[in-house]
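Here's the structure we're looking at; comments come further down.
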Amino acid sequence: MGELLALTSALCFGTTHFLSGLVARRHHGVTVAACAQTGGTAVSLVPVLLTHAAPAPPSALAWGALSGVGTGVGVACLYWAMNTGPMSVVVPVSDITAVGVPVAAGIALLGDRPTPTALTGIALALPALWLISRDGTGHTGGDHHTASLVTALVAGLGLAVQFFALARVPADAGWWPVVVSRVLSVAVILALLPAVGASVRLPGRAAATAAAAGALGTLATVLYLLATREQLLSIAVVLSALYPAVPVLLALTVLRERITRPQAAGLLGAGAALALIALG
1 MGELLALTSA
11 LCFGTTHFLS
21 GLVARRHHGV
31 TVAACAQTGG
41 TAVSLVPVLL
51 THAAPAPPSA
61 LAWGALSGVG
71 TGVGVACLYW
81 AMNTGPMSVV
91 VPVSDITAVG
101 VPVAAGIALL
111 GDRPTPTALT
121 GIALALPALW
131 LISRDGTGHT
141 GGDHHTASLV
151 TALVAGLGLA
161 VQFFALARVP
171 ADAGWWPVVV
181 SRVLSVAVIL
191 ALLPAVGASV
201 RLPGRAAATA
211 AAAGALGTLA
221 TVLYLLATRE
231 QLLSIAVVLS
241 ALYPAVPVLL
251 ALTVLRERIT
261 RPQAAGLLGA
271 GAALALIALG
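Next comes the structure, spelled out in structure tokens:
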């Protein structure tokens, strides 16, 4: 059961990023993120209402709040990067950063000792990101391409904070930390809107798509938390971390995005690095 929950979580996460990325192609990514997280916040209240959950401990709520700050920055930058960069490149860059940075921070700051498998993944990530950043001439991309990659890296850092903080929420804390996380993510994104010159409104159909994507993202988070309670954490993480394959494959097949051979090699390397880090 735990494996099925984790795989369904990956499918939901991947579909969320693909749908939001489609909307972000025509509208500012930060506006899309605000709408998506608002939809996700509404859905996060459902398990609380259904289970009549008691308030969570303050420490758990604090970790939920920190994850919300990371989510707000991560999602806003991710969808903003999709404004100018190809989805098939932006998503893997942000995801491998989101997974790799906590591992590296644990080594440098917390004295963690990853397995040789995880260390191999970290070493593989660097050349993979370099290959992804190359254009068809063998040089780094133009200003727009470089900017989208930098924004994707910032998105990965924000998501890394999200994953780290959520991992600190105890299993018996209930669902209130998820609600706090979603509310804070909306607040962070709304604060970013004036700074990037983005509007708070989307046209009706775009707003509905973004809100549905955000709701699906919250469902993915809930499924992931359930999976960690039904299955070993390492297995749940590995299966849930497969989600970048969904938007990448959809971008290549449905949107007909084109990538160079070096970028294709980099994407394969990024996928391998992600799997190795997760397995480690």
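So the sequence shown is residues 1 to 280, counted in UniProt numbering.
By construction, the Cβ of each residue, glycine as well, lies at the ideal position given by its N, Cα and C atoms.
Margin query: Let me check understanding here. Comparing Cα to Cα, which of A6, H28, L5, A42 lies closest to G214?
Written below: A42
What are the boundary residues of the alpha helix (DSSP H) that includes T31?
-> 29-51
Limits of the alpha helix (DSSP H) - the one that M82 falls within | 58-84
What does the alpha-carbon distance come out to for the pair T16 and A272? 22 Å
Option nearest P58 by Cα separation, candidates P262, A6, W176:
W176
With distances taken from CA atoms, which of G174, G14, A104 is nearest L50?
-> G174
Q.
Rounded to whole angstroms, what is the Cα-Cα separation between V200 and A208?
A. 14 Å
* Of all the options P170, G266, A104, which has the alpha carbon lying nearest to the alpha carbon of residue 291? -> Because residue 291 is not part of the residues shown, which for the chain are 1 to 280, the question remains open.
Whole angstroms is fine: what's the gap from R205's alpha carbon to L274's?
34 Å
I need the straight-line Cα distance from T140 to T146, nearest angstrom please. Note on T140: pLDDT 49, under 50, position unreliable in the model; no value is reported.
Exercise. Where does S20 fall in DSSP's three states?
Worked result: helix
May I have the straight-line CA-CA distance separating V248 from L45, to the nearest angstrom? 30 Å
Within the continuous alpha helix (DSSP H) that includes residue 283, where are the two ends? Since the displayed the chain opens at 1 and closes at 280, residue 283 lies outside it and no answer follows.
- Should P55 be labelled buried (16 or more other beta-carbon atoms within 10 Å of its own) or exposed? exposed
- Counting pairs of beta carbons, one from the region 121-128 and one from the region 23-36, are three or more of them closer than 8 Å? no
- prompt: Buried or exposed: which applies to A195, given that a residue is buried once 16 or more other Cβ atoms fall within 10 Å of its Cβ?
  reply: exposed
Assuming V222 contacts V183 (C-beta within less than 8 Å), just tell me the rounded distance between them.
About 16 Å separates the two Cβ atoms, so there is no contact after all.
Quiz prompt | Straight-line Cα distance separating Q263 from L166 | solution = 32 Å
Helix or strand or just coil, what does DSSP make of G271? helix
Practice task
Give the DSSP-derived three-state secondary structure of S199 in the structure shown.
Solution key: coil
*asked:* Could you compute how far the alpha carbon of T218 sits from the alpha carbon of L5?
replied: 14 Å
**Asked** Assuming A220 contacts F18 under a Cβ cut-off of 8 Å, what Cβ separation, rounded to an integer in Å, is found between them?
**Response** Contact flag wrong, Cβ pair sits at about 12 Å.
>> Whole angstroms are fine: how far does the CA of L202 sit from the CA of A211?
In response: 11 Å
Through-space distance from A125 to G172, alpha-carbon basis
At residue 172 the sequence reads Asp, which differs from the Gly that was named. Each residue's Cα considered, the two are about 35 Å apart.
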